[in-house]
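Okay, so here's the structure we're looking at.
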Amino acid sequence: MQERYDFQAIEPQWQQQWQDEHIYRVTEDPAKPKYYCLEMFPYPSGNLHMGHVRNYSIGDVVARFKTMQGFNVLHPMGWDAFGLPAENAAIKHGVPPADWTKSNIANMRTQLKTMGLSYDWDREVATCTPEYYKWTQWLFLQFYNAGLAYKKKANVNWCPSCATVLANEQVVEGACERCDSTVEKKALEQWFFRITDYAQRLIDDLEKLPGWPDKVKTMQENWIGRSEGVEMDFPLPSPIGGFDKLTVYTTRQDTIYGVTYLVLAPEHPLVEHLLQNNPKEAEIRAFIKKVLGQSEILRTATDTEKEGIFTGHYCQNPVTGEPVAIWLANYVLAEYGTGAVMGVPTHDQRDFEFAQKYALPLKVVIQPVGVPDLVADDMDHAYEDEGVLVNSDRFNGMNNNDALAAIAAYVEETGKGVRKVNFRLRDWLISRQRYWGAPIPIVYCDKCGEVAVPDQDLPVILPNDVEFKPNGESPLKSRPDFVHTTCPKCGGPAQRETDTMDTFVCSSWYYLRYTAPYSDKDAFERSAVDYWMNVDQYIGGVEHAILHLLYSRFFTKVLHDLNLVAVDEPFANLLTQGMVLLGGSKMSKSKGNTVSPEEIIAKYGADTARLFILFAAPPERDLEWSDRGVEGAHRFLNRVWRLVQAYYPGEEASTAGAEASTETGNEASDGKSRISLQQIASLLITNPDVASLNSDDRELVRMAHVTVKRVTEDIGQRFNFNTAVSAIMELVNALYLYKDKVAPKAQNLSLIKDALARLILVLAPFAPHISEELWQAIGGSGSVHQQSWPSYDPAALVQDQVPVVVQINGKVREKLQLPNGLDGEALQAAAMDNQRVQELIQGKTIVKVITVPNKLVNIVVR
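This is the structure:
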């Protein structure tokens with residue numbers, strides 16, 4: 000064994016050997032319990048960041064641990080490779096997106112391998128390859144044939160200068176990031192998935208996910224936004240453009256008698272008809288243009304100023320028949336509810352502020368109980384709490400909460416509305432007017448209309464040799480060889496769809512492809528999916544808690560309903576790790592506060608980088624980067640190396656030690672310990688006879704078994720990797736204490752070898768390279784990562800002495816080391832015999848003594 004810990008030699012050596020021996024290759028094995036461990040796959044940006052290192056280190060510990068526990072572990076890796084950055088790089092640098100992406104994948108694959116991660120690289124997938132997106136297209140067609148994919152008009156971000164559609168990320172403060180022109184909203188035909196058909200199931204089935212963080216489930220439930228209310232029809236005095244009423248959805252039907260105005264989203268289909276022959280048309284159109292230039296987030300933010308304009312038209316309150324002014328406002332969106340909202344300023348603060356700004360009337364319909372009556376003209380804020388209905392006709396005097404059901408029944412009975420469950424969730428818009436994405440497999444024929452591409456003609460290939468023109472147009476539109484095709488039905492001329500799919504479509508099923516990535520006949524093989532699914536542990540950032548995780552759940556449910564998979568939830572357990580911070584802020588290139596994983600690995604090694612990032616904080620919390628912490632992790636690994644090296648010296652040192660020991664026992668001529676464990680055959684001792692050991696030996700055995708117990712529970716039950724590493728550090732301290740305290744010739748070499756073997760085995764998931772090297776050094780056979788996880792003997796956990804705290808009137812005054820298992824009487828006697836305790840209670844009356852075995856003695860005096 001080398002004297003110095005040379006990670007630069009050790010790590011690439013073992014990485015190559017693991018690759019050559021295919022130790023991470025896995026196949027279905029019905030004889031073993033399976034475990035599917037998966038981290039969210041990365042976008043191939045070209046460089047790993049510390050968030051990647053943390054995510055993948057966590058997953059690797061879990062995968063290695065489960066493998067050593069005897070599970071058949073699937074631990075794959077791939078690339079979420081379509082998307083806007085590649086297209087931007089093509090425009091900026093003149094590099095084809097395919098080449099840019101391929102180069103980045105190669106670089107990041109190399110970086111991941113330097114981390115020593117236990118991926119089955121034979122299962123690698125990239126979503127931008129025809130072998131993958133063929134099946135993305137095939138899955139689109141399954142949705143299409145099931146009526147779950149459809150096309151309709153929807154508003155998009157439109158840059159009039161570039162004459163192109165922009166993704167939300169390309170709109171910066173309402174302007175195009177390329178040319179700074181003001182972005183407009185434009186209605187285009189878009190493709191959607193009917194995720195709203197699954198809204199209730201997506202909520203209900205959260206109960207099937209006890210292994211998910213509550214905060215993530217709450218985020219999904221809030222995003223889906225189920226509400227129970229009433230859709231009510233506000234009649235128009237005379238039909239306008241085919242409309243004879245405005246339908247409003249509300250959960251506050253108890254306030255229907257207090258409606259004093261109604262607000263439409265500027266995008267509402269009635270608006271265009273309201274502008275015909277309208278003297279305020281120019282003013283209203285200017286307002287609409289301004290509103291549509293704002294993002295939905297800005298329009299709905301609570302701190303955004305509410306702005307509106309009167310259309311000059313009225314509708315009627317369905318229960319009172321009173322005229323209600325129709326306004327447009329920035330805070331109402333066409334995509335939510337019906338795009339029309341009733342205004343009740345006395346009982347909704349947003350409506351109150353809007354009404355105050357535009358001098359709209361107020362009408363009180365709920366009075367609080369036990370306080371003076373509200374007077375509309377005197378109110379300075381809305382009353383939104385419980386009360387009694389007034390000015391509400393037949394419902395006067397009723398508690399407003401009780402009136403919800405009564406008014407809902409009344410409007411149904413009178414034909415003025417219907418009860419309805421509504422969802423905030425909208426159908427998933429999957430169209431992207433981009434190039435670098437999976438082409439949508441639809442063609443358009445003048446004779447046959449909209450036609451799906453037959454399965455046998457998949458994939459619809461995305462051409463690589465494209466030209467990005469300065470106007471930002473998708474290259475697909477200017478490629479006649481792509482656009483012009485033959486209709487699959489009639490054989491006549493047709494045109495291809497030039498929209499590509501949202502990259503979230505690609506990432507909504509990749510976990511299924513990993514189970515059979517070689518298949519060229521199916522998206523995934525049913526037998527492989529049935530064996531591996533669902534994912535036992537999914538790991539990734541909380542920023543994906545809504546969209547990616549929700550879309551993946553939706554995809555799995557659809558495929559389940561189509562009898563393509565047996566499971567209806569993709570991820571049994573979910574761990575969302577925190578961010579890596581530097582100086583209290585998230586690492587970001589724009590902020591100039593990044594730390595390069597490559598530099599850390601080059602300077603300290605992958606094992607150090609992994610150990611620090613696992614030890615520095617619990618995985619679900621944010622982690623503050625610390626150079627001192629990295630150095631501390633490196634010092635610890637050197638300390639482990641020196642510990643093993645002390646008992647397994649190199650050949651020269653071992654010979655010298657052997658010669659010296661014939662004359663001076665276990666002392667070499669230089670006075671240093673020269674103990675070698677190489678002649679001890681057994682590695683682990685099963686059920687050690689602790690009763691026959693002396694106190695030092697018993698304590699060493701106890702620490703070895705306590706460590707195995709703690710690390711097993713910390714990884715397997717709680718994912719407390721930081722406390723697991725802390726337990727390993729305590730075992731190293733115990734081994735050094737034993738080595739330095741016990742005379743060399745008195746040391747129990749079998750127990751030392753057992754403790755070292757246990758140390759290396761539990762360290763292996765965290766620091767795989769050094770553990771592999773040390774395992775070979777102590778005579779272990781085969782890879783350390785293919786060994787069985789060590790067990791612990793409960794009898795060996797018993798401690799000879801335990802720390803007992805002595806309190807006087809509840810304050811800690813002394814700490815004693817006492818024999819384990821003393822009863823209350825013996826604990827009290829030991830405390831009373833202590834000189835310091837005697838001094839503190841001298842002259843005082845003992846009221847009572849409280850004892851907790853092995854923990855506490857509390858003496859109450861006065």
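Start counting the sequence shown at 0; every next residue gets the next number (numbering that gives the first Met the number 0). No residue lacks a Cβ here, since even glycine has one placed at the ideal position from N, Cα and C. The structure displayed is predicted, hence computed values, not measured ones.
Counted within 10 angstroms of its Cβ, other Cβ atoms place residue i as buried (16 or more) or exposed
| i | result |
| --- | --- |
| GLN7 | exposed |
| ASP243 | exposed |
| LEU573 | buried |
| HIS380 | exposed |
| ARG431 | buried |
| GLU772 | buried |
| LYS619 | Rather than Lys, the amino acid found at residue 619 in this sequence is Glu. Classification for GLU619: exposed. |
| CYS178 | exposed |
| GLY50 | buried |
| ILE845 | exposed |
| ARG634 | exposed |
| ALA186 | exposed |
| GLY58 | buried |
| ALA828 | exposed |
| LYS133 | buried |
| ALA515 | buried |
| HIS704 | buried |
| GLN15 | exposed |
For residue i, the nearest candidate out of the options (CA to CA)
| i | options | result |
| --- | --- | --- |
| GLU385 | LEU201, ARG425, ALA333, THR254 | THR254 |
| ALA794 | LYS708, LEU563, LEU815, VAL811 | LYS708 |
| TYR143 | GLN798, LEU561, LEU762 | LEU561 |
| PHE554 | PHE192, ALA354, ASP480 | PHE192 |
| PRO41 | VAL724, HIS547, ASN819 | HIS547 |
| THR502 | LEU428, ASP350, LEU755, VAL247 | LEU428 |
| VAL557 | ILE194, GLY778, PHE467, THR66 | ILE194 |
| LEU140 | ARG478, VAL374, ILE441 | ILE441 |
| VAL805 | ALA763, CYS158, GLN798, ILE849 | ILE849 |
| LEU424 | GLN455, VAL482, GLY336, PRO474 | GLY336 |
| ASP376 | THR345, GLY809, ALA404 | THR345 |
| GLU813 | PRO596, HIS543, GLU838, ALA825 | GLU838 |
| GLY257 | MET831, TYR382, ALA264 | TYR382 |
| THR113 | LEU821, ARG757, VAL410, ILE600 | ILE600 |
| LEU580 | PHE570, ASP392, PHE64, ASN592 | ASN592 |
| TYR313 | VAL215, MET702, PRO322, ASP626 | PRO322 |
| TYR131 | VAL363, THR310, SER507, THR299 | SER507 |
| VAL420 | ALA515, PRO317, THR249 | THR249 |
Those residues which DSSP pairs with residue i across a bridge
| i | result |
| --- | --- |
| ASN444 | This sequence places Cys at residue 444; Asn is not what is there. Answer is GLY448, ALA493, bridged to CYS444. |
| LYS151 | GLN189 |
| PHE422 | ARG225 |
| MET231 | VAL247, GLY416 |
| THR181 | ALA174 |
| HIS483 | GLN494 |
| TRP427 | PHE192 |
| TYR35 | LEU73 |
| CYS127 | In the DSSP output, where bridge partners are listed per residue, CYS127 has none listed. |
| TRP157 | VAL164, GLU183 |
| ILE239 | PHE242 |
| VAL801 | LEU817 |
| PRO438 | THR499 |
| MET0 | Answer is none; MET0 lacks a bridge partner. |
State whether the stretch 599-609 contacts the stretch 73-89, with contact taken as three or more CB pairs (one from each stretch) at a distance under 8 Å. Touching, no, given that fewer than three Cβ pairs across the two stretches are closer than 8 Å.
Output the residue ranges of the alpha helix (DSSP H) runs that lie fully inside the stretch 675-719 and measure 4 residues or longer, sorted by chain position. Listed in chain order, they are 694-712.
Decide yes or no for the touch test of the stretch 477-490 against the stretch 443-455: beta carbon pairs closer than 8 Å, at least 3 of them. Result yes; three or more Cβ-Cβ pairs closer than 8 Å.
With three or more beta-carbon pairs closer than 8 Å as the criterion, would you say the stretch 525-537 touches the stretch 23-38? Yes, the stretch 525-537 is in contact with the stretch 23-38.
What residue ranges within the stretch 63-100 form continuous alpha helix (DSSP H) runs of no fewer than 4 residues, ordered along the chain? You should have 83-92.
At 4 residues or longer, and completely inside the stretch 543-585: list those alpha helix (DSSP H) runs for me, N to C. As far as the stretch 543-585 is concerned, its whole alpha helix (DSSP H) runs of at least 4 residues are 546-560.
Along the chain, which unbroken stretches of the beta strand (DSSP E) at least 3 residues long are found entirely within the stretch 277-320? Taking only runs of at least 3 residues, the beta strand (DSSP E) segments lying wholly in the stretch 277-320 are 307-315.
So, do the stretch 78-94 and the stretch 12-25 have three or more beta carbon pairs nearer to each other than 8 Å? Result no; under three Cβ-Cβ pairs closer than 8 Å.
Would you say the stretch 346-361 touches the stretch 276-290, given that touching needs at least three Cβ pairs under 8 Å? The stretch 346-361 is not in contact with the stretch 276-290.
The stretch 457-470 touching the stretch 226-243, judged by at least three CB pairs closer than 8 Å: The answer is no - the stretch 226-243 does not touch the stretch 457-470, with fewer than three Cβ pairs under 8 Å.
Stretch pair the stretch 320-340 + the stretch 260-274: three plus CB contacts closer than 8 Å: Taking 8 Å as the limit for Cβ pairs, the verdict is that the stretch 260-274 does touch the stretch 320-340.
Validate contact between the stretch 679-690 and the stretch 747-756 using beta carbons, cut 8 Å, 3 pairs: Judged by Cβ distances under 8 Å, the stretch 679-690 makes contact with the stretch 747-756, as three or more pairs qualify.
Report yes or no: do the stretch 99-119 and the stretch 537-552 share at least 3 C-beta pairs separated by less than 8 Å? These segments do not touch.
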